[in-house]
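Student:
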Amino acid sequence: MLARNALEILLASPRGFCAGVDRAIQIVEQSIEKWGAPIYVRHEIVHNKHVVQRLSDLGAVFVEELDECPDDRPVIFSAHGVPKSVPKEAAKRNMIYVDATCPLVSKVHVGAERHYSEGREIILIGHEGHPEVIGTMGQLPDGVISLVQDADDARNFMPKSDKGLAYVTQTTLSVDDTVEIVSILEARFPDIAKPHKEDICYATTNRQEAVKILSQRADLLLVIGSKTSSNSLRLKEVGLREGIKAAHLIDDYSDIDWNWFDGVKTLALTAGASAPEDLVKGVITACNEKFEVTLTEVNIRNEDVVFKLPRALEQ
Ligand code: 10G
Ligand code: SF4
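Under my numbering, think of the first position of the sequence shown as 6, with each following residue one higher.
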């Protein structure tokens, strides 16, 4: 038998599930336990096809809009948050609903409302069409929040009035892109009000920081996560921007093209905030079958954030 090539795997830590994802998945599981199947979920609870498949197998039915749900079954709102009109409509229909919006997204909602009540015009830094952006914009009347997606938008933004400005952001953005966008806005509008604490959440920040460090030491980066997962896509971009030769976003080991490993001595491996840890193990096992693997976990920070479940589901 031919000797296998050596492969060093640098495993990022933190990686994978954040506290908001963990809570949202528990909300679906416990709702099924409490009320039985089917339970309806408005939008993918988190953007991961394996998570969605497993919960579907347990009895969750994923839909995009509330009008696809019957009145007499409970419905859960995804971790990304929903416009105010959604719980309002559910209440009007006397539905049982559980809101799995991450508390850190709710915090952004509250920040936007505070700025609005203090009379400011609000900019949301984020990506058009993403459910979190739709949810945050939907906390306030139509047209109140203006979306700024990139540095060019920040350069071209024109306030509608001289009431004063504030910005809030999506929680899963690139930290570096956002610094650039904010610095353009602050240079143009020195009095712009900012969030009390950064809106980009601890999990996004930590996963990006770990990828930066690993990308300087590896030839290939694999990010485990679905194509719809914004924070996972950002991890791939962060690696490429840090100068790694190649980076790929994969749902699981079966997406790997082994030609990617030609000439690769060191692999950096991470997982987005919605990707389960067993998928990481699957990639390591697949690598073990092809290479003589040495595995090193590189921990840049410990995370101990845990969110309580909504009262309706507390044991
Ligand atoms: O990264 P995005 O926002 O696309 O979502 P995800 O489901 O892949 O990861 C968890 C992050 C959220 C629920 C958004 S706060
Ligand atoms: Fe909450 Fe951050 Fe996870 Fe989004 S990525 S669910 S804001 S902890």
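Idealized CB from N, CA, C, for every residue including glycine.
Are the stretch 147-160 and the stretch 98-108 touching, with three or more C-beta to C-beta distances below 8 Å?
Tutor: Cβ pair count under 8 Å is below three, so no.
Student: With distances taken from CA atoms, which of 94, 63, 84 and 90 is nearest residue 75?
Tutor: 94
Student: What's the C-alpha gap between residue 214 and residue 305?
Tutor: 8 Å
Student: At a cut-off of 7 Å, is residue 3 close to the ligand 10G when judged by its beta-carbon and the heavy atoms of the ligand?
Tutor: With the chain covering only 6 through 320, there is no way to say anything about residue 3.
Student: For residue 104, report the span of its beta strand (DSSP E) as first-last.
Tutor: 102-104
Student: Does residue 293 come out as helix, strand or coil in the three-state DSSP assignment?
Tutor: Looking at residue 293 - three-state DSSP - the assignment turns out to be helix.
Student: Go ahead and label residue 217 buried or exposed: buried means 16 or more other beta carbons lie within 10 angstroms of its beta carbon, across all protein chains shown.
Tutor: buried
Student: Starting from residue 137, trace the alpha helix (DSSP H) both ways and give me its first and last residue.
Tutor: For residue 137, the enclosing alpha helix (DSSP H) stretches over residues 136-142.
Student: Given that a residue counts as buried once 16 or more other Cβ atoms are within 10 Å of its Cβ, and exposed if not, what is residue 137?
Tutor: buried
Student: Report all residues from its chain with a CB closer than 8 Å to the CB of residue 120; omit the five preceding and five following residues, and keep chain order.
Tutor: The beta carbon of residue 120 sits closer than 8 Å to the beta carbons of 127, 171, 173 and 198 from its chain, once the five residues preceding and following it are set aside; these are given in chain order.
Student: Contact between the stretch 232-244 and the stretch 188-196 is defined here as three or more beta-carbon pairs at a separation below 8 Å; is this criterion met?
Tutor: no
Student: Identify every residue that forms a DSSP beta bridge with residue 126.
Tutor: Residue 126 pairs with 170.
Student: Name, in chain order, the residues that DSSP records as bridge partners for residue 304.
Tutor: 18
Student: Which residue comes first and which comes last in the alpha helix (DSSP H) that contains residue 33?
Tutor: 24-40
Student: Report yes or no: do the stretch 282-302 and the stretch 247-267 share at least 3 C-beta pairs separated by less than 8 Å?
Tutor: yes
Student: Ignore the nearest five residues each way along the sequence and tell me which others in residue 41's own chain have a CB closer than 7 Å to its CB.
Tutor: Exclusion of the five residues before and after residue 41 leaves no residue of its chain whose Cβ lies closer than 7 Å to its Cβ.
Student: Ignore the nearest five residues each way along the sequence and tell me which others in residue 43's own chain have a CB closer than 8 Å to its CB.
Tutor: Cβ neighbours of residue 43 within its own chain (closer than 8 Å, five residues either side excluded): 64, 65, 66 and 78.
Student: For the alpha helix (DSSP H) holding residue 324, just list the boundary residues, first then last.
Tutor: Residue 324 lies beyond the stretch modelled for the chain, which goes from 6 to 320, so this question has no answer here.
Student: From which residue to which residue does the alpha helix (DSSP H) around residue 190 run?
Tutor: Taken as a continuous stretch (DSSP letters only), the alpha helix (DSSP H) holding residue 190 covers 180-193.
Student: What is the rounded straight-line gap between the Cα of residue 286 and the Cα of residue 143?
Tutor: 39 Å
Student: When burial is assigned at 16 or more other CB atoms within 10 Å of the CB, is residue 114 buried or exposed?
Tutor: Looking at its Cβ environment, which holds 16 or more other Cβ atoms inside 10 Å, residue 114 is buried.
Student: If I follow the unbroken alpha helix (DSSP H) through residue 216, where does it start and stop?
Tutor: 207-220
Student: Spell out the partners DSSP gives residue 81 in its beta bridges.
Tutor: 46 and 103
Student: How long is the line joining the alpha carbons of residue 31 and residue 204, rounded to whole angstroms?
Tutor: Approximately 24 Å, taken between the alpha carbons.
Student: Provide the residue(s) that pair with residue 198 in DSSP beta bridges, ordered along the chain.
Tutor: Per DSSP, 171.
Student: Can you tell me the Cα-Cα spacing of residue 25 and residue 35, whole angstroms?
Tutor: Distance between the alpha carbons of residue 25 and residue 35: 15 Å.
Student: Taking the runs of the alpha helix (DSSP H) that are 4 residues or longer, which of them lie wholly in the stretch 228-263?
Tutor: Qualifying alpha helix (DSSP H) stretches, in chain order: 235-246.
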